[in-house]
Structures are given as structure tokens and as C-alpha cells.
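Take a look at the structure set out below.
In my numbering, the protein residues as written are 1088 to 1421.
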């Protein structure tokens, strides 16, 4: 038999299963079904010993048709029926009964999300686009939250706040500080043309936040969903803040951390040369000093190059003169 199965490329287990069915004469099969035809294991559809009772089927039908549960999905309706001790059945049973009775509930088609455009961020001067976000700081078993506001043109941190809660009020306070420090809350110097760039965080999209910006005449720009590169400026700052500075600090209190952050922000704005703005400090870029600094830097480079060139040319000329004289004295000596 093994040889025959090998020649027929038939599994011996399959052969013995067929043989057993044939010997039983298909007693476990409904009438008219060939016992040698494979079928899914278990009882036939509608013949399971634990199938729903007729009363339970009627109860499920009544629940599906009830007006009170018209908006309840069937998988949740099965839980509601169980909690209210109306009928105990799985969500699959509810779906099968609904399909059998043509009572299936189609899910409402979601409104297609309109494709977002990349925000246009092309500032030509300071105080045109401010990027802001909030990040968390692990602190002795809980979290502190750090709000930072950055001028995209100059990369200067114009405002920040360390707080215990990540709320809209905390962000508003950070913005108040930033506007005050830049003198943009004065009557003659309102923040005209200023835009706030952020992601779609719950605080940034809150109605109270939108009203806050509207009252100040500040427009809002939003990065595309799941596209942090649209707000890369503040993300880059947070990386410097958390991974290049904060992780090397030993902090033991909230006020100590606040003082350290103030020192870091001062060094970042006034002493750190930023590669994205031609290696001037954010403060120099923000106040327009960068052009004079870059021009002076270029003049020093050109002066140094010219000085090196003159020195090397003079050395080369002196060397050539010495060689020429040596070539003239050798024949006379001979």
C-alpha cells in the first residue's frame, strides 16, 4: 500500500481517512454526499450541538431591528445583549443572523480625507513664521513638559515655558512671553503677518488656541499628518536640547531645571553658531547683524589668502633667484 501511495503521489494518511469513511458508509455525512469527498471538519452548517435556540434567534432578530439599537454596531450589540442578560451569543452569531435575515448593517463610508498640501514656509525676515511644539521630559517618575517657540528665519528661541501639564494655557503663556520679549504686544508693533506653524496636536488644534491666535491677528499653519519634516525646525531644536544637552545634566528640582534651561537657551541664541544660517548665532541672524559679520568674515578669508599667496610667491621668487645665481657661479669656479 505504501508503494501504491508513492506511485499515486497520495498521502498514506489521506488514503486511510478515505478507507475509514468508506467502511462507515458515510454515516457521519448528510444523505446524498459522497463519503470520499473532503469536507471541513466538524458538523455540517446548522447542525452544531451548541447552535442557537429558536428563541435566541428571535431575540437577536428583535435586538437588531430595535430602534434603540439602530446605531449600535453588531459586535457591540452582542456585548449589550450579554450585559442586559437578554441573550448570550457571540458577535459572529449576530452577524450570521443579520446576514440570514438580510438585516446586515453596512458601515457608513468615511468622508475621504482631503489630501493636505505642504505648508509654504519661506520667511524672508524675522518674526514672520514661528514654529512651536511641546515635548516631555522624564523627571523622577513623572513627566514635565517643555514648550518652545522658534523663529524659522533666524532659528532663535523667542519663547519657552517649563510646566507640569501639557495644556493650552501653558502654550498661551509661552506665546505671551515670546510676544512680549519681541515687543510685539505694543500698540505700534502688533504681530502683523506673523504665522504660527505646528503639527496637529490636540493643544494646537483646540478651539481656544485658534481663538487666541485670531484675537492677536496671527494665522496658523499646520504640518501634514505624520510628516514631521514639515516642522523640522522645532524638531531639530528638540533633538539638540534633549540629546546633546539635557541628558548630560544632573537635575534635582523643578526650579534648578528651569534655571539650567534658561542658561541653555541663552547660550543657544547668543553663542552657538548655527550651521543652517551660515554659522552665525540665531541672535545675529534675528537682528540682521549676519550680513556684516559674513562680509567681514569673507574679507578676512580673502586677506589671509592674499597674504599667504604673497608670502609663498616671495619665497618662490627668492628661491628661483638663488638657484639662478648658483647656476652662474658654478662655471666660474670650474
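The C-beta atom is built at its ideal place from N, Cα and C for all residues, glycine as well.
Do you know how far the Cα of residue 1325 is from the Cα of residue 1340?
Here the question's residue 1340 lines up with position 253 in the chain shown. Here the question's residue 1325 lines up with position 238 in the chain shown. Rounded to the nearest angstrom, the two C-alpha atoms are 21 Å apart.
Top-ranked residue by Cα proximity to residue 1144, from 1108, 1181 and 1136
For the purposes of this step, residue 1144 is identified with residue 57 of the chain shown, where counting begins at 1. Residue 1144 has its Cα closest to that of 1181, out of 1108, 1181 and 1136.
In whole angstroms, what separates the C-alpha of residue 1146 from that of residue 1105?
In the chain shown, residue 1146 corresponds to position 59, counting from 1. In the chain shown, residue 1105 corresponds to position 18, counting from 1. Roughly 42 Å between the two C-alpha positions.
Is the Cβ of residue 1152 closer than 8 Å to any Cβ of chain B?
The chain labelled as chain B is not found in the depicted structure, where only one protein chain is given.
With a Cβ-Cβ cutoff of 8 Å, do residue 1247 and residue 1239 count as a contact?
Taking the chain shown and counting its residues from 1, the one referred to as residue 1247 is at position 160. Taking the chain shown and counting its residues from 1, the one referred to as residue 1239 is at position 152. The answer is no: Cβ separation not under 8 Å.
Helix or strand or just coil, what does DSSP make of residue 1222?
Taking the first residue of the chain shown as 1, we reach residue 1222 at position 135. When secondary structure is reduced to three states using DSSP, residue 1222 falls in the strand class.
Per-residue DSSP class, three states only, for residue 1358
By one-based count along the chain shown, residue 1358 stands at place 271. Three-state result, residue 1358: coil.
C-alpha distance - residue 1169 paired with residue 1176, whole-angstrom precision
As a working mapping, residue 1169 is identified with position 82 in the chain shown. As a working mapping, residue 1176 is identified with position 89 in the chain shown. So the alpha carbons of these two residues sit roughly 7 Å apart.
Within a Cβ cutoff of 7 Å, which residues of the same chain sit near residue 1249, ignoring the five residues on either side of it in sequence?
One-based indexing of the chain shown puts residue 1249 at position 162. Excluding sequence neighbours, residue 1249 sits near 1231, 1233, 1344, 1345 and 1348.
Spatial distance of residue 1420 from residue 1408 (CA atoms)
In the chain shown, residue 1420 corresponds to position 333, counting from 1. In the chain shown, residue 1408 corresponds to position 321, counting from 1. Any reading at residue 1420 must be qualified, since the residue scores a pLDDT of 48, below 50, and its modelled position is unreliable; the value itself is stated next. Each residue's Cα considered, the two are about 19 Å apart.
My parser needs the alpha helix (DSSP H) runs of 4 or more residues fully inside the region 1240-1270; what are they?
1255-1268
Do residue 1287 and residue 1070 have their beta-carbon atoms positioned less than 8 Å apart in this structure?
Summary: the structure shown does not reach residue 1070, with the chain confined to residues 1088 through 1421, and so no result is reported for it.
Relative to the alpha-carbon of residue 1173, which residue among 1243, 1179, 1154 and 1148 has its alpha-carbon at the smallest distance?
Within the chain shown, numbered from 1, the residue matching residue 1173 stands at position 86. Nearest of 1243, 1179, 1154 and 1148 to residue 1173, Cα basis: 1148.
Would you give the residue range spanned by the alpha helix (DSSP H) that residue 1324 belongs to?
Position 237 of the chain shown, counted from the start, is the residue given in the question as residue 1324. Annotation for residue 1324: the continuous alpha helix (DSSP H) segment containing it runs 1319-1326.
Closest by CA to residue 1218, which one among 1271, 1285, 1273 and 1403?
The residue labelled residue 1218 in the question sits at position 131 within the chain shown. Of the listed residues, the one whose Cα sits closest to residue 1218 is 1285.
Are there 16 or more other CB atoms within 10 angstroms of the CB of residue 1295, so buried, or fewer, so exposed?
To locate residue 1295, count along the chain shown from 1; it is residue 208. Exposed.
For residue 1341: DSSP bridge partner residues:
Locating residue 1341 in the chain shown gives position 254, where the first residue counts as 1. Residue 1341 is not bridged to any residue.
Can you tell me whether DSSP reads residue 1163 as helix, strand or coil?
What you label residue 1163 is simply residue 76 of the chain shown in a count that begins at 1. Residue state for residue 1163 is assigned as helix, using DSSP reduced to three classes.
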